[in-house]
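Asker: I'd like to ask some things about the structure below.
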Amino acid sequence: MFTDWISGIGTLALLSSRVAAIAVLLASLPAHADSYPDRLIKTILPYTAGSPNDVIARFITPHLSIRLAQTIVVENRPGGGTAIGTRLVASSEPDGYTLLFSNTPTHVIAALGNASTSYDPLRDFVPIGAVASSSLVLVIAPTVPARTVPELVAYARAHPGELNFGFGQGTLPHLAGELFKSVTGTNIVSIPYRGGAQAISDLLGGRIHLNFGSGSTLLPLIREGKVRPLAVTSPARR
Numbered sequence: 008m009f010t011d012w013i014s015g016i017g018t019l020a021l022l023s024s025r026v027a028a029i030a031v032l033l034a035s036l037p038a039h040a041d042s043y044p045d046r047l048i049k050t051i052l053p054y055t056a057g058s059p060n061d062v063i064a065r066f067i068t069p070h071l072s073i074r075l076a077q078t079i080v081v082e083n084r085p086g087g088g089t090a091i092g093t094r095l096v097a098s099s100e101p102d103g104y105t106l107l108f109s110n111t112p113t114h115v116i117a118a119l120g121n122a123s124t125s126y127d128p129l130r131d132f133v134p135i136g137a138v139a140s141s142s143l144v145l146v147i148a149p150t151v152p153a154r155t156v157p158e159l160v161a162y163a164r165a166h167p168g169e170l171n172f173g174f175g176q177g178t179l180p181h182l183a184g185e186l187f188k189s190v191t192g193t194n195i196v197s198i199p200y201r202g203g204a205q206a207i208s209d210l211l212g213g214r215i216h217l218n219f220g221s222g223s224t225l226l227p228l229i230r231e232g233k234v235r236p237l238a239v240t241s242p243a244r245r
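Sequential numbering of the sequence shown, starting at 8, is according to this note's numbering.
So this is what it looks like as structure tokens:
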């Protein structure tokens, strides 16, 4: 755990503990709620296909469709640190037929980090409910000569600018990685991607050395020995 090796890392654990995927609805439900829904519902995912939130959304959607007795389609609109898909929902009719499947950190991070954002992440959306939560896992490529976080920090300090880490631009892994660099005083190159899934592909291809990602995505790769886990951002081991 991060708390085993460095002080002041509680901020990172606090960030990671909020990785709760939630669906949010623009404005409010239709005035004639008794007839809702009477047509197809679209769920927008501001993430790449195959990402953890994409997997969760596609698992939840069929159950929601049964409960509502209506077809629900999932549409990926990644990019801009989730701003592209979120902006699309914000500009949709506030009739309950365009949903946003997001998570608490990235839904707010993009707006706070970009002064040109045209939507308010709190006022322009109404939460429906939380469906999942998770923490992040710090993994490295097997080629990096480190077995523990202290060893990784020591190696990065001895080889400034030689290691890099990949992330979806403006996402929680992005913030977690930057916080890691700041707290440890390491010079690790930041490589932004349109989505986290692309960063994982380059990690497997040897072009990326570090990644903060969801356990649901990384666990199969850890078990196969394709990446090496060093720490989790949760307050306790899971």
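Where a beta carbon is used, it is the ideal one built from N, C-alpha and C, also for glycine.
None of the values given here were measured: they were computed from a predicted structure.
(1) Alpha carbon to alpha carbon, how far is residue 36 from residue 81?
(2) Between the C-alpha atoms of residue 235 and residue 60, what's the straight-line distance to the nearest angstrom?
(3) When DSSP builds the beta bridges, which residues end up paired with residue 197?
(4) Would you decide whether residue 94 is buried or exposed? Buried here means 16 or more other CB atoms lie within 10 Å of its CB.
(5) Exposed or buried, residue 70, counting other C-beta atoms within 10 Å across all chains shown (16 or more means buried)?
(6) Can you say whether residue 84 is buried or exposed, counting buried as having 16 or more other CB atoms within 10 angstroms of its CB?
(7) Mind checking which residues open and close the beta strand (DSSP E) that includes residue 50?
(8) How is residue 141 classed by DSSP in three states: helix, strand or coil?
(9) Helix, strand or coil: which one does DSSP assign to residue 230?
(10) In angstroms with no decimal places, state the Cα-to-Cα distance between residue 75 and residue 138.
(11) Enumerate in chain order the residues of its own chain whose CB-to-CB distance from residue 162 is below 8 angstroms, with the five nearest sequence positions on each side excluded.
(12) Taking the beta strand (DSSP E) that residue 106 belongs to, which residues open and close that run?
(13) Use the C-beta contact count for residue 238: other C-beta atoms within 10 angstroms, 16 or more gives buried, fewer gives exposed.
(14) Quick check: the region 182–199 against the region 224–235, are at least 3 beta-carbon pairs closer than 8 angstroms?
(15) What three-state label does DSSP hand residue 65 in the structure shown?
(16) Only counting the same chain, and skipping five residues up and downstream in sequence, which positions put a Cβ closer than 6 angstroms to that of residue 92?
(17) Cα separation between residue 29 and residue 140?
(18) Do you know how far the Cα of residue 231 is from the Cα of residue 89?
(19) Report the rounded CA-to-CA distance for residue 148 versus residue 201, giving the unit in angstroms.
(20) In angstroms, rounded to a whole number, what distance separates the CA positions of residue 44 and residue 217?
(21) What residue range is occupied by the uninterrupted alpha helix (DSSP H) comprising residue 207?
(22) Pairing CB atoms from the region 220–229 with CB atoms from the region 107–116, are three or more of them under 8 angstroms?
(23) Tell me which residues share the same chain as residue 229 and place their Cβ nearer than 6 angstroms to its Cβ, disregarding the 5 neighbours each side in the sequence.
Answerer: Taking the coordinates as given:
(1) Mapped onto the sequence shown, residue 36 falls at position 29. Mapped onto the sequence shown, residue 81 falls at position 74. Since pLDDT at residue 36 reaches only 47, below the 50 mark, its modelled position is unreliable, and the value read off the structure follows with that caveat. C-alpha separation (whole angstroms): 19 angstroms.
(2) Taking the first residue of the sequence shown as 1, we reach residue 235 at position 228. Taking the first residue of the sequence shown as 1, we reach residue 60 at position 53. For residue 235 and residue 60, the distance between alpha carbons rounds to 22 angstroms.
(3) In the sequence shown, counting from the first residue as 1, residue 197 sits at position 190. Secondary-structure assignment with DSSP links residue 197 through a beta bridge to 172.
(4) In the sequence shown, the residue the question calls residue 94 occupies position 87. Answer is buried; the Cβ neighbour count reaches 16.
(5) Indexing the sequence shown from 1 puts residue 70 at position 63. When all chains shown are included, residue 70 counts as exposed.
(6) Position 77 of the sequence shown, counted from the start, is the residue given in the question as residue 84. Classification of residue 84: buried, given that the 10 Å Cβ count is 16 or more.
(7) Position 43 of the sequence shown, counted from the start, is the residue given in the question as residue 50. Taken as a continuous stretch (DSSP letters only), the beta strand (DSSP E) holding residue 50 covers 48–52.
(8) Stepping through the sequence shown from its first residue, residue 141 is reached at position 134. Here residue 141 sits in strand by DSSP.
(9) Here residue 230 refers to the residue found at position 223 when the sequence shown is read from its first residue. Reduced to three states, the DSSP call for residue 230 is helix.
(10) Along the sequence shown, one-based indexing puts residue 75 at 68. Along the sequence shown, one-based indexing puts residue 138 at 131. Taking the straight line joining both Cα atoms gives about 16 angstroms.
(11) One-based indexing of the sequence shown puts residue 162 at position 155. Correct list, in chain order: 151, 152, 153, 170.
(12) Locating residue 106 in the sequence shown gives position 99, where the first residue counts as 1. Where residue 106 is concerned, the enclosing beta strand (DSSP E) stretches over 105–110.
(13) Within the sequence shown, the letter at position 231 stands for residue 238. Flag for residue 238 reads buried.
(14) In this structure the region 224–235 does not touch the region 182–199; the number of beta carbon pairs closer than 8 angstroms is below three.
(15) Within the sequence shown, numbered from 1, the residue matching residue 65 stands at position 58. In this structure, residue 65 counts as helix in the three-state DSSP scheme.
(16) Translated into the one-based positions of the sequence shown, residue 92 becomes position 85. Same-chain partners within the cutoff: 51, 53, 84.
(17) For this step, residue 29 is matched to residue 22 along the sequence shown. For this step, residue 140 is matched to residue 133 along the sequence shown. For residue 29, the predicted model reports a pLDDT of 42, less than 50, meaning its position is unreliable and no value from the coordinates is stated.
(18) As a position in the sequence shown, residue 89 is number 82, starting the count at 1. As a position in the sequence shown, residue 231 is number 224, starting the count at 1. So the alpha carbons of these two residues sit roughly 30 angstroms apart.
(19) Translated into the one-based positions of the sequence shown, residue 148 becomes position 141. Translated into the one-based positions of the sequence shown, residue 201 becomes position 194. Their backbone Cα atoms lie some 20 angstroms apart in a straight line.
(20) By one-based count along the sequence shown, residue 44 stands at place 37. By one-based count along the sequence shown, residue 217 stands at place 210. Whole-angstrom Cα-Cα distance: 44 angstroms.
(21) If you number the sequence shown from 1, residue 207 lands on position 200. Run containing residue 207: 203–211, per the alpha helix (DSSP H) assignment.
(22) no
(23) In the sequence shown, residue 229 corresponds to position 222, counting from 1. So the list reads 236, once near-sequence residues are dropped.
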